[in-house]
Every structure is written in structure tokens, then in C-alpha cells.
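One structure below.
Chains as they are written, first to last, in this note's numbering: chain A, 44 to 304; chain B, 44 to 304.
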């Protein structure tokens, strides 16, 4: 198999509750495997790391939804994201006939990052992405492999870094847009971005910068959804063809929220 | 880069105390990076798994030096071997200029195994290797990547399995002998197989089946060294060109113990 610029590549990011429930995960992976064309899966795993921290009597320190990653927390996310979640997902995909392989940003030097500078908050071993090695990712795809990427990067000097999975997916999508026609799909336990959090039928079908601003102003879109949508706009501005936020159980790009410039 | 049968490939297995001490590991990795030609690193990590089990108040059940792997123990080795040890090693190799990537047997369907049948002892989720996908490993090498392999396999039906790292290294060496001229190096904290465990200068320079039998009969070679040497003879019988047991700090194939048929 060879790759060329007209080929469609889909980056799918899955996180949260979907990863924690075996039935939800299996159902999502069935949809993922059935999804046509070349694809890359990016996963989170936040709550699993929190659970392991609790069992180890290590306090999970969060500021504005972001984990403060000291050396112990880094070991925990390396174990949970890079080991448990990543390898279980790969084994499950193999069983479903998808030739997956798990990677972090350190593997094949795929994603380098810089430790976030200390300003008001010291986030610890958290990495802000500096480069995605899209040639290396393309070489894996050219072997017929579906990469499964854990939200860990490295600084090139031996230091692993914890990196937000939504941002990873966006950065990978942007870099891969150099050589593919890229779609980015954020999927989670809801059917899309909702105008009423209690009504799963209230999916906002199209979100443009103006309507996004108004939903934010009204407090309808808030907290964890904001960086996801901000990452979506950045991806579109930098050459990604389409961004959809949709349900992990359907992975249906027609029923979710389409982000548009 | 292309690969061909006359090319030399070295499989290096490292384990035990070397992995636990940061200075020993770094020194070993320097030697590994400097080692010429194509290479694959296979690592263990047993004591790190035991340490995490202790922190989680999970009892490590061992029978004859082998871990009994129930579901909780499997999660622990998946986190420690597949996550912590594997990714830290990859990040350290990247920092030393070696383009490494970490894998388990599930990734790229590299190594399939069968859950060990229950006889006198139920070892739990322990895998006996059925197939090494040497074409896939060769395809990674052909990208200029140095594989770093954690001692985990899968059964192809979604189940990860814990597999002895010495056996993994031997099975990989045998499979790769189909397309390369393969050397297998077991390295650890001692300079080789010793005739006197208290004297590091007592390295047995050559070990053949007859002398091995006599050392075993006299109790000089015992416990963990026996499966390592048994694996070495199997590798040689199945086409591996040379097997050496030597020091991780020197990785010197001339000063260790050479296993010969």
C-alpha cells in the first residue's frame, strides 16, 4: 500500500466514559473498525488514572480540569494511558480484525513536546506539542497498520510528558493534512454538542465561530467542551477538511455536530 | 533501508536489576545504542511489577519463580511492562539517538500465544508463544526503527497474556532466523554464567550440553539460570547463529558465556 495526498485519513479521538465501560468500548471499536479508509485512533483515559491514583493513595491534583503531573502522576499516566488503556485497546482491535499498533509520542519520535513553562500554575510534566512526525506516522499507515495513540509525548531528551488527548488529536490531524485529506472526529458518550445538556435530541448540527461565541456567552457551551471546540477551529484553520463531534456508540458523522469556519 | 538474509540482527534481552537502577539502565542503553547493526531489545521488569503490587496491597503469587497472573496481576504487568518500563526505555533510547519504538505481542499482531493449559498449577493469564510474526518485525526494522519489546503477548481474541521475557527473546530470535543471521544476547547484572556465584571472575566461557548437565548436577547452575540456558540451546537448535550470556554494563560478547551445541 502506498499513500497519496488525495487519500482520506480519519483521526478519531475517544475518551472519557466510553473507555471505562467494556460494552461501550467494544461497541465503539466495532464502529471504528467498520469506518472506511485509513484511520488513526487517539485515546484519553483520565478517570482510569484517577482511579489508580486513589488505589495508590496518591492525590490527583487538578486545576481547571487539567491534571498537575508530578513525577508520581507521570508514572501513573504512563502506566495507565501508555500501558493498560493502549494495549487493551490494541488487543481488542486485533480481535476485531484491525491490525492496530499502540504508540506514544516517544515511539518512533512521533510527537515531541516542550514541558509547559511555569507561570501562575506549575503543571509539572505536561507537554505542549512542538512537532508531529507525520512522515513516520505515514510510514506506519503504509504498512497497513492502524496507529492507536496514547496521550503521552516526549521532549527528545528522555523525558516523557503528559499531553491532553484532544490537543494531540488536533495536532496529529493538522500535521497529517500535509499529506492526506484529513477528517477529525471527536467522539464521546453524548450524540454531539447539546444546546440542552439534559436532552440528547438537542444536538447543535452546525457550529460556526459566531454561534459558538453566542453559546459560550449564554453558558450553554462550557468547561471541557471549550478546549475541544477551540482545537476543532484551529484544526480547520490549519488545513483539516472537516471536524465532527459525535457519539462514540454510532460514530455517525451525519448526526453529530459539524464544526465549520 | 532494505533487509536481506545475510544481514546480522542482534536480539538483546535485558532484565532484572539492570532495569531497576537508573544509572545501570542508562549505561546499558549506551552500550546497546553503540552495538553495531540491526537490533531488537526485549525487556523484563518483574520486580517493578512486584513493587507496584505491594503498593496496591495485591499479593504477588509466584510458583517456582513464575508469576501467577490473575486478572489484577495481568493489569499490573500490562501497566508496568507495557507502559512504564517500555515507554521510559523508548524515551531514553530516543534521547541517545536511537529511533526506538515499543511493542507488545498484540501490537501489529507481532506475537500470538495460547493461555497455558491448567494442569497441576493454574498460571492464569500466562501465554505460551505460538507464533512470532517475523515479517511484521522485519517491516519495522526496514523503516530504520529499533523495536523495544515488552513481555506481553495476545491470543488474537482480545486477551493479553503475560509471557516470560527470556522465552520471548528466544522465540523472536528463532523466528527472525528465517530472514536474518541472528545473534541472541542475554544480559544481566553478572558478567556471565559463574562457576562460583561469589566470584565475578569465575565466568564459564563456553557452555555445551555436556558441561551444562554436569554444572546442573553439581548444583552450580540452578533456578532462574536454567530456563535461560534451556532457551539458549533451543535457539541454537532452531537456526540462531550464536547465543551469549553477558554483562549488561559491558554488553561484551567476548567476555561472557558462549552457549554452544
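For each residue, glycine too, the CB sits at the ideal point set by N, CA and C.
query: 8 Å contact criterion, which residue 92 of chain A and residue 123 of chain A should meet: CB distance rounded; result: 4 Å
query: Proximity test, residue 68 of chain A beta-carbon vs the ligand GDP heavy atom, cut-off 7 Å; result: By its list of ligands, the structure shown contains no ligand whatsoever, and the ligand GDP lies outside what it can speak to.
query: C-beta neighbour in chain B for residue 182 of chain A, strict 8 Å; result: yes
query: Closer than 8 Å to chain A by CB, residue 276 of chain B; result: no
query: Min CB distance residue 146 of chain B to chain A below 8 Å; result: yes
query: Candidates A:302, A:283, A:120, A:50, of which the one nearest residue 220 of chain A by Cα; result: A:283
query: Status (buried if at least 16 other CB within 10 Å, exposed otherwise) for residue 265 of chain B; result: exposed
query: N- and C-terminal bounds of the alpha helix (DSSP H) containing residue 177 of chain A; result: 177 to 184
query: Nonlocal neighbours in the same chain, by C-beta distance under 6 Å from residue 155 of chain B, ignoring five residues either side; result: 173, 174, 199
query: Same chain only: Cβ atoms within 6 Å of residue 37 of chain B, ignoring 5 sequence neighbours per side; result: Outside the displayed range of chain B (44 to 304) lies residue 37 of chain B, so it cannot be described from this structure.
query: Residues that residue 301 of chain A bridges to, as DSSP identifies them; result: A:249, A:287
query: Cα-Cα separation between residue 292 of chain B and residue 132 of chain B, rounded to whole angstroms; result: 16 Å
query: Where the segment 146 to 160 of chain A meets chain B: residues whose CB sits under 8 Å from a CB there; result: 146, 147, 149, 150, 151, 152
query: Chain B contacts made by the segment 115 to 137 of chain A, where a contact means CB separation under 8 Å; result: 118, 121, 122, 123, 124, 125, 126, 127, 129, 130, 131, 133, 134, 135, 137
query: CB contact flag (residue 139 of chain A, residue 242 of chain A, <8 Å); result: no
query: Neighbouring residues, chain A, relative to residue 56 of chain B (Cβ below 7 Å); result: Ordered by position in chain A, no residue passes the 7 Å Cβ test against residue 56 of chain B, which lies about 20 Å from the chain.
query: Nearest neighbour of residue 53 of chain B, chosen from B:216, B:129, B:262 [CA to CA]; result: B:216
query: Those residues which DSSP pairs with residue 157 of chain A across a bridge; result: A:171
query: Backbone secondary structure at residue 145 of chain A - three-state DSSP; result: strand
query: Three-state secondary structure (DSSP) of residue 279 of chain A; result: helix
query: Beta-carbon separation (whole angstroms), residue 286 of chain B vs residue 237 of chain B, contact threshold 8 Å; result: At roughly 17 Å, the Cβ-Cβ gap does not stay under 8 Å, so residue 286 of chain B and residue 237 of chain B are not in contact.
query: Proximal residues, the segment 74 to 103 of chain A versus chain B, C-beta separation under 7 Å; result: 98, 99
query: Interfacial residues, the segment 192 to 203 of chain B to chain A, with Cβ spacing under 8 Å; result: 195, 197, 199, 200, 201, 202, 203
query: Exposure of residue 256 of chain B, with buried meaning 16 or more beta-carbon neighbours within 10 Å; result: exposed
query: 8 Å Cβ cutoff met for residue 189 of chain A and residue 84 of chain A; result: yes
query: Expected contact under 8 Å - CB spacing of residue 160 of chain B and residue 87 of chain B to nearest Å; result: That pair is no contact at about 24 Å.
query: When B:249, B:157, B:235, B:180 are compared against residue 212 of chain B, the one with the closest alpha-carbon; result: B:180
query: Limits of the alpha helix (DSSP H) - the one that residue 76 of chain B falls within; result: 65 to 77
query: Proximal residues to residue 177 of chain A (C-beta, below 7 Å), its chain only, five neighbours per side dropped; result: 218, 219, 221, 222
query: Identified DSSP bridge partners for residue 190 of chain B; result: B:144
query: Buried versus exposed, by CB contacts within 10 Å (16 or more), residue 269 of chain A; result: exposed
query: Inter-residue spacing [alpha-carbon to alpha-carbon] between residue 165 of chain A and residue 157 of chain A; result: 14 Å
query: Cα-Cα separation between residue 305 of chain B and residue 294 of chain A, rounded to whole angstroms; result: Since the first residue of chain B shown is 44 and the last is 304, residue 305 of chain B is not available in this structure.
query: Exposed unless 16 or more other CB atoms sit within 10 angstroms - verdict on residue 77 of chain A; result: exposed
query: Closest Cα partner of residue 105 of chain B within the set B:232, B:298, B:267; result: B:267
query: Short CB-CB distance (under 8 Å) between residue 186 of chain A and chain B; result: yes
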